[in-house]
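Asks: Below is the structure I would like to discuss, written out as structure tokens.
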Amino acid sequence: YQRRVRGSSGINAEYGHGVVPILSKLVVAHAGDEYVKGHIADAIGRCCIWGNNRKEFGSRGVVKPLVRYLKSKDTFVYKAAAMALFHLSLEPENCVVMHENHAKQWLVNMVGDDDWILQEAAAGCIANIRHLALANDISKSGR
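For the sequence shown, my numbering gives the first residue as 1064, with consecutive numbering after it.
Shown next, in the form of structure tokens:
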């Protein structure tokens, strides 16, 4: 089974044919290249909607570098990272990594941005992190 999608970054991606491992390597390999980081984050966000990719990206260590992308001065990079992190936050294990790497402090600032799409992505990501934390608190207290 295969889907081919052309993303806003101009990349044709074939989902289901090894794109997750490739993007997972690239997210670390291009840590200093702002131009490439934005396109990698964009591609990761687009891949998250297919199959088990959210979980696989998380298990391959993509979340932590994407949290660092939120600190970028490049608008495209931090917007693409916020969108990717929103999609990744639908997987509980990824929320834990975001929380451990202090994603909330960067996302909170983005909720006040003029771009409503960025606002929604940041707020949704924060909400998913918070829902997991509340579920964990309830589980610990035995309620």
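Think of the CB as a built atom: it goes at the ideal place given N, C-alpha and C, for glycine as much as any other residue.
Below 8 Å on the Cβ atoms is my guess for His1150 versus Ile1180; work out the distance and round it to an integer in Å.
Replies: About 13 Å separates the two Cβ atoms, so there is no contact after all.
Asks: Taking Leu1195 as the reference, give the member of Gly1081, Val1171 and Asn1157 with the closest Cα.
Replies: Asn1157
Asks: Mapping the DSSP letters down to three states, classify Ile1189 as helix, strand or coil.
Replies: helix
Asks: How is the alpha helix (DSSP H) around Ala1166 delimited, first residue to last?
Replies: Counting along the chain, the alpha helix (DSSP H) containing Ala1166 begins and ends at Ala1166 to Val1174.
Asks: Assign Asn1191 to one of two classes, buried (16 or more other C-beta atoms within 10 Å of its C-beta) or exposed (fewer than that).
Replies: buried
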